[in-house]
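Engineer: Residue numbering for the sequence shown follows my numbering, beginning at 82 and increasing consecutively. We put the CB at the ideal spot given by N, CA and C, even for glycine. Values in this document were obtained by computation on a predicted structure and should not be read as measured data. One structure follows; several queries about it will come next.
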Amino acid sequence: MARPKTQLLSAARIADGAIELVDRTGDVQMVQLARHLGVAPSSLYSHVTGRAEVIDLARLRMLERMESVGLAHDWREAVANLLRRLTALYARHRRILPLLSTTAVACDRSIAVYEPMFAALIDGGFRRDQLRLVVAMVEFQAFGLAQGLPAPVMSDHIRETLPAYTASVDHSRYDLPTATEFSVAMVIGGLEAIRTHPGAP
Numbered sequence: 082m083a084r085p086k087t088q089l090l091s092a093a094r095i096a097d098g099a100i101e102l103v104d105r106t107g108d109v110q111m112v113q114l115a116r117h118l119g120v121a122p123s124s125l126y127s128h129v130t131g132r133a134e135v136i137d138l139a140r141l142r143m144l145e146r147m148e149s150v151g152l153a154h155d156w157r158e159a160v161a162n163l164l165r166r167l168t169a170l171y172a173r174h175r176r177i178l179p180l181l182s183t184t185a186v187a188c189d190r191s192i193a194v195y196e197p198m199f200a201a202l203i204d205g206g207f208r209r210d211q212l213r214l215v216v217a218m219v220e221f222q223a224f225g226l227a228q229g230l231p232a233p234v235m236s237d238h239i240r241e242t243l244p245a246y247t248a249s250v251d252h253s254r255y256d257l258p259t260a261t262e263f264s265v266a267m268v269i270g271g272l273e274a275i276r277t278h279p280g281a282p
């Protein structure tokens with residue numbers, strides 16, 4: 082039997098193609114993805130239901146490539162590990178972040194990445210109703226860190242009338258590792274205060 086001229090489609094190949102396309106163009110559409118993979122659009126639809134599923138598969142593929150979070154001794158380690166690893170992952174694929182933020186996580190294998198942190202938070206004394214908020218906050222921090230600081234707006238008028246803002250701009254030096262550790266300390270410190278405060282929301 083003759084070997085196929087093109088590699089057979091699979092969920093992993095579709096996800097890899099989507100990540101490559103978004104990294105290059107900032108978006109993924111089914112027709113463009115099919116062309117990128119060298120297949121007919123109908124071939125894609127025999128594997129996925131549409132663009133949202135493709136984006137979810139890309140998310141899963143990225144998380145599978147992320148350095149393993151693993152089990153943590155306590156919730157602080159779990160939070161720090163996940164925040165550092167997500168930030169590094171998202172920084173490598175900045176252009177896909179807007180797509181991830183508007184597409185629901187539907188795959189249980191993606192959700193499983195967060196399970197060690199959920200478990201560590203429960204063991205650490207956080208309430209069950211706080212868990213998803215904590216994970217969402219870590220995600221938001223990772224998204225923001227990966228995208229960096231926006232370019233500041235400056236003018237002579239601003240320099241004359243907004244000295245504190247001007248000082249913040251003049252002394253701003255965005256370095257991702259430093260910013261990540263600053264954020265880790267801030268998040269853990271804030272969570273510690275909430276965890277130990279009897280009236281925490």
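Please confirm whether A172 and N162 have their CB atoms less than 8 angstroms apart.
Structural biologist: Cβ atoms of A172 and N162: not closer than 8 angstroms.
Engineer: What residue range does the alpha helix (DSSP H) around A161 cover?
Structural biologist: It spans W156 to R173 - the alpha helix (DSSP H) in which A161 sits, taken as one unbroken run.
Engineer: State the CB to CB distance for the pair L230 and Y255, rounded to an integer number of angstroms; the pair is presumed to be in contact (CB under 8 angstroms).
Structural biologist: With 8 angstroms as the limit, L230 and Y255 qualify as a contact, their Cβ atoms being about 5 angstroms apart.
Engineer: Counting only the same chain and skipping the five closest in sequence on each side, list residues whose C-beta sits under 6 angstroms from that of L167.
Structural biologist: Contacts found: A223.
Engineer: Specify the secondary structure class of D369 as computed by DSSP and reduced to three states.
Structural biologist: With the chain represented from 82 up to 282, any question about residue 369 goes unanswered, as that position is not in the structure.
Engineer: Following the continuous alpha helix (DSSP H) through E145, name the residue where it begins and the one where it ends.
Structural biologist: Where E145 is concerned, the enclosing alpha helix (DSSP H) stretches over R132 to R146.
Engineer: Pull up the distance between the alpha-carbon of V160 and that of V265, whole angstroms please.
Structural biologist: Spanning the two alpha carbons is a distance of roughly 8 angstroms.
Engineer: Compare the beta carbon distance of I136 and V109 with 8 angstroms and say whether it is the shorter of the two.
Structural biologist: Against a cut-off of 8 angstroms, the Cβ pair of V109 and I136 comes out as a contact.
Engineer: Who are the near neighbours of L114 in its chain, counting only those whose CB is closer than 8 angstroms to its CB and skipping five residues on each side?
Structural biologist: I95, G98, A99, L102, L125 and V135, listed in sequence order.
Engineer: Counting along the chain, where does the alpha helix (DSSP H) carrying H117 start and finish?
Structural biologist: Taken as a continuous stretch (DSSP letters only), the alpha helix (DSSP H) holding H117 covers M111 to L118.
Engineer: What's the gap between the Cα of W156 and the Cα of H117?
Structural biologist: If you take the alpha carbons of W156 and H117, they lie about 42 angstroms apart.
Engineer: Under 8 angstroms by Cβ, that's how I've got V268 and V219 pegged, so tell me the actual separation to the nearest angstrom.
Structural biologist: Indeed they touch by this definition, with Cβ atoms about 7 angstroms apart.
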